[in-house]
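Everything on this sheet refers to the single structure shown next.
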Amino acid sequence: MTNLLILPILIPLLAGVILIFFKNSKMIQRVISVIASAAMTGISGYLIYAVYNNGIQTIALGDWQAPFGIVLVADLLSVSLVFLAGILGLVTLFFAYQTFSAEREANYFHTFYLFLMVGVNGSFMTGDLFNLFVFFEVMLISSFILISMGSQRYQLQESLKYVIINTVSSMFFIAAIAYIYGVTGTLNMADLSVKIAQLYEQENSGILTVIALTFLFVFGTKSAIFPLYFWLPHSYFAPPAAIAALFGGLLTKVGVYTVMRMYTLIFNNDPIVFQILLLFGGLTMFIGVLGAVAQFDFKRILSVHIVSQVGYMIMGIGIGTPLAIAGTFYFLAHNIIVKSGLFFFAGITEKITGTTHLKKMSGLLKTHPYVGWLFFITAISLAGLPPLSGFFGKFALVIAGFEAGHYFVIAVSLATGVLTLFSMMKIFMTSFWGEEKLPDPSAKERKVGKLILPVLPLVALTVILGVAAEPFFLFSLEMGEQLTDPSYYVESVLEE
Amino acid sequence: MKNTPIQLHVVTRIVAFIILIFSIFLFFAGHNNPGGGFIGGLMTASALVLLYLSFDLKTIKRVLPFDYAYVIGAGLLLATLTGVAGMFFGFPYLTQFFEYFQLPILGETELTTALPFDLGIYLVVVGFTLLVILTVAEDDS
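In order, the protein sequence lines correspond to chains A and B. With our numbering, the residue at position 7 of the first sequence is 8, and numbering never jumps. With our numbering, the residue at position 107 of the second sequence is 127, and numbering never jumps.
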């Protein structure tokens, strides 16, 4: 019953509301949103420490106890993700200050950025299914505004698709919630975990599989799993780099987080769902990476890659052993860091050359060596080369897959790794390597030092997560144990 | 507008006040009975929209010189801070308190912390509804 848990949601909410009154002062807006993001990150850092030492923390909002009231639950998974979201948010803010025009920043950008954080943190922390829906909506509505801000023709065209697809999936979300409430009579996740486990023991558990799959459809749409990913590459291509990075690093990951939560906590012994997760995980990663191989645009390659990487995580959840869940989290954390880092690099090269098309630029390594090599580090980390963070996530997933005997999907994931490396090297070879060829001669002198600065923490993190993998991986393993045994979660929520 | 619709103006002046009073009644009825901030806010907004419709944008803007974005902000702030207030006394966020008091004219009255929260919602709903309707209306002209 500690109020600390509400702060990562409350601070950005209050800051966002206060900023409505200062919409004309750029300085105040910047200062308040940076302070809010930093405070949020700091508190979630402390929460990781507290949860690691004292076990899962919960708070019953309004003092209405679970399972009747709404609870916020901080377990290792949720606080770590809130922490990562905070870091990414800070980096995004500093990057946005360098790249955004004054006009774009004036239009309530900060308010909606902070509301987006409210939605993201809320989705991670809530222990109530309906509340999850509410926070999802907070997040989505803010993202609708952020993605369409600027109102360019292409942007609006793609935002419309984004809005429609997300609204449709939200409708299914609420329908699925209604189903599950109809069957079990509760929406508290811990309570659901207990009740659904009892229902599975009865003979007629078909309805539960239907509900589980409806949820998979919903979260699959939001996290861009194989047949439902078509909206993502275009939507994430449209907005400016800072926003694309925030979305690419965070929003699909919220979808993945919910899949992780639902299928480890609630539907953890459904016979069919895990087969389907494995199947679609494999398909998602392979088809996603094929899309990336075919593209010749910096931002498009990255957008399609998001799909492919989500496939790995879904595969990890499908395998479902503690090691696989640990690997999935490691990969998720790595991906939040690296994927947004790459989007920032796409923004930097766009700033230098004025284009994101790979064939229109080359030889950037000679004119901007720092950009080139830092990109190189991030890119091979994404491809999963040791000793960087991408390697360890995949390594754990592969081992877990072999232990569980899922050889085919592991083979697919290894093939995907090779193709990922290929597509990343394609970016490096065509735009950084080779003869100097820039669209306009002034690009050579264009300085981007200030743009690199915000990205440095992300590059440093991927190196640290790789070189010093052991403590972080032990942490992930502990999380894997915590997630695969729902009784930890259930007891700490219901025994308050 | 050259032909001033006199009947409309006269009726609006009366009806708008009836709606406003009813909306305040609904607002205070809320919390334990049907009513509350949301429905009261919608009702108030509908009265104001009626004013905007029968008179024109400029006239009403002169009478009600609010920036509705600030109204939304004020409402959100009030609602959030009401939830925060309990935290200073060690209660979880959004805990609500109520007590019965003897007030001079009203007699025994229930005073709750849900009321400022509801007022926040009321302001958000009024501000939001009018902001949307006015943005669309101004876009047209």
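All residues carry an ideal CB built from backbone N, CA and C; glycine is no exception. Remember, predicted model here, so these are calculated numbers, not experimental data.
Minimum C-alpha distance to B/ASN53 - residue among B/ALA134, B/GLY147, B/GLU158:
B/ALA134
For A/ILE21, which residues of its own chain have a beta-carbon under 8 Å away from its beta-carbon, when the five flanking residues on both sides are left out?
TYR109, THR112
Return helix, strand or coil for A/GLU436, following the three-state DSSP convention.
coil
Who are the near neighbours of A/PHE392 in its chain, counting only those whose CB is closer than 7 Å to its CB and skipping five residues on each side?
Closer than 7 Å at the Cβ level, and outside the excluded window around A/PHE392, lie GLY385, LEU386, GLY467.
Identify the contact partners of A/ILE7 in chain B, using a Cβ-Cβ distance below 7 Å as the criterion.
TYR113
A/ASP129, DSSP secondary structure in three states:
strand
Just the chain B side, please: which residues come within less than 9 Å of A/GLY63 by C-beta, in chain order?
GLY103, GLY106, PHE111, PRO112, TYR113, LEU114, THR115, GLN116
What is the C-beta distance between A/THR329 and A/GLY312, in whole angstroms, given that I count them as a contact (C-beta under 8 Å)?
Distance from A/THR329 to A/GLY312 at the Cβ level is roughly 11 Å; contact not present, criterion being Cβ atoms closer than 8 Å.
Spatially closest choice to B/GLY95 from B/ILE141, B/LEU151, B/GLY110, by CA coordinates
B/ILE141
Could you name the residues of chain A that B/ILE141 contacts, counting a contact when the two beta carbons are closer than 9 Å?
The contacting residues do not exist; B/ILE141 stays about 13 Å from chain A at best.
Just how far apart, CA to CA, sit A/GLY123 and A/LEU133?
7 Å
Can you tell me whether A/ASP486 is buried or exposed, with buried defined as 16 or more other CB within 10 angstroms of its CB?
exposed
Pick from A/THR3, A/ALA416, A/ALA86, A/GLU496 that is closest to A/SER309, judged by C-alpha positions
A/ALA416
I'd like to know if B/LEU151 contacts chain A, where contact means its C-beta is closer than 8 Å to some C-beta of that chain.
no
If A/PRO9 and A/MET190 are in contact, beta carbons under 8 Å, what's the gap, nearest whole angstrom?
About 18 Å; that fails the 8 Å criterion.
For B/ASP76, does the count of other Cβ atoms within 10 angstroms reach 16, so buried, or fall short, so exposed?
exposed
When you compare the stretch 283-299 of chain A with the stretch 267-275 of chain A, are there three or more beta-carbon pairs, one atom per stretch, that lie closer than 8 Å?
no
What separation, rounded to the nearest whole angstrom, lies between the Cα atoms of B/LEU150 and A/TYR371?
51 Å
Is the stretch 231-239 of chain A in contact with the stretch 188-208 of chain A, if contact means three or more CB pairs nearer than 8 Å?
no
Taking 8 Å as the CB-CB cut-off, is A/PHE332 touching chain B?
no
Helix, strand or coil: which one does DSSP assign to B/GLU119?
strand
Considering only the alpha carbon of each residue, which of B/LYS78, B/PHE117, B/PHE86, B/ILE153 lies closest to A/GLY63?
B/PHE117
Taking a Cβ distance cut-off of 8 Å, strictly less, list which residues of the stretch 18-47 of chain A are near chain B, in chain order.
VAL18, ILE19, ILE21, PHE22, LYS24
Measuring straight from C-alpha to C-alpha, what distance separates A/GLN58 and A/GLY342?
31 Å
Out of A/ALA179, A/PHE23, A/LEU78, point me to the one whose CA is closest to A/GLU106's CA.
A/PHE23
Reference A/PHE275; option with closest CA among A/GLY402, A/TRP374, A/MET172:
A/GLY402
Taking just the CA atoms, how far does B/THR79 sit from B/VAL156?
18 Å
Which partner residues does A/LEU1 have in the DSSP bridge list?
Lying before the first or after the last residue shown, residue 1 of chain A is absent from chain A, which here runs from 2 to 497.
Nearest CA to the CA of B/LEU57: which residue from B/ALA36, B/VAL91, B/LEU154, B/VAL144?
According to the sequence as given, residue 57 of chain B is Gly; it is not Leu. Here the closest residue by C-alpha is B/VAL144.
What does B/ASP87 pair with, by DSSP beta-bridge criteria?
Bridge partners of B/ASP87: none, in fact.
Closest Cα partner of A/ALA40 within the set A/THR253, A/ILE288, A/PRO228, A/PHE84
A/PHE84
Report yes or no: is there a C-beta of chain A within less than 8 Å of the C-beta of B/ILE92?
yes
In this structure, how does DSSP classify B/GLU128 when only helix, strand and coil are distinguished?
In the structure shown, B/GLU128 sits in a strand (DSSP, three-state: E or B).
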